[in-house]
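Report on one structure; see the data block that follows.
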Amino acid sequence: MDLYHFTAIPMLHSILASEGLREGYLTLYDGTILYNKVWLTTSPLPYGHGLCNGTEKLSESEKSFMRRVGNISESTSINGTHNKKLIRLKIDTEWIKKQPGFCSYKKLMRDLDR
561 MDLYHFTAIP MLHSILASEG LREGYLTLYD GTILYNKVWL TTSPLPYGHG
611 LCNGTEKLSE SEKSFMRRVG NISESTSING THNKKLIRLK IDTEWIKKQP
661 GFCSYKKLMR DLDR
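Here's what the structure looks like:
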């Protein structure tokens with residue numbers, strides 16, 4: 561089975577030039593933000609995941625959230641979103657299961673008592 565991660569062109573360089581997919585975050589329903597978590601899916605298509613397409617207009621609340629999770633200063637302007645449907649990375653599950661810190665979403669929620 562393969563897993564996929566969708567991202568935008570500006571983010572691809574960072575992924576390929578660094579240690580890979582390690583700088584994501586996951587926001588829980590109660591607002592808790594878990595850093596160094598990356599969303600993966602079994603779906604090879606970018607539709608139905610709630611991915612932004614680059615045309616969204618952000619509210620001040622959404623811009624504030626982006627600053628908080630991205631550690632972005634107030635002086636840096638945030639104009640909008642990136643199209644995260646453009647780039648699909650395919651990840652072999654046998655390889656990723658061997659990576660330190662990898663766990664399924666279900667296991668993560670169990671570990672957090674959610």
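Just so you know, the sequence shown maps onto residues 561 to 674 in our numbering. Note that beta-carbon positions come from the ideal geometry of N, C-alpha and C, so glycine has one too.
Where residue 613 and residue 647 are concerned, what is the direct C-alpha to C-alpha distance, given to the nearest angstrom?
As a working note, residue 613 is residue 53 in the sequence shown. As a working note, residue 647 is residue 87 in the sequence shown. Roughly 11 Å separates the two Cα atoms.
Using DSSP with H/G/I as helix, E/B as strand and the rest coil, what is residue 671?
Here residue 671 corresponds to residue number 111 of the sequence shown, with the count starting at 1. Assignment of residue 671 by DSSP, reduced to helix, strand and coil, places it in the helix class.
Thinking C-beta only, is residue 568 closer than 8 Å to residue 666?
Here residue 666 corresponds to residue number 106 of the sequence shown, with the count starting at 1. Here residue 568 corresponds to residue number 8 of the sequence shown, with the count starting at 1. Taking 8 Å as the Cβ cut-off, residue 666 and residue 568 do not qualify as a contacting pair.
In chain order, what residues of the same chain lie with their CB nearer than 7 Å to the CB of residue 653, ignoring the 5 residues before and after it?
As a first step, residue 653 is located in the sequence shown; it is residue number 93 there, counting from the start. These residues qualify, in order along the chain: 561, 562 and 563.
For residue 565 and residue 651, which I take to be in contact (beta-carbon distance under 8 Å), what is that distance rounded to the nearest angstrom?
As a first step, residue 565 must be located in the sequence shown, where it is residue number 5. As a first step, residue 651 must be located in the sequence shown, where it is residue number 91. Right, the Cβ-Cβ distance comes to about 6 Å (below 8 Å), so this counts as a contact.
Is it true that the CB of residue 605 sits closer than 8 Å to the CB of residue 641?
Taking the sequence shown and counting its residues from 1, one reaches residue 641 at position 81. Taking the sequence shown and counting its residues from 1, one reaches residue 605 at position 45. The answer is no: Cβ separation not under 8 Å.
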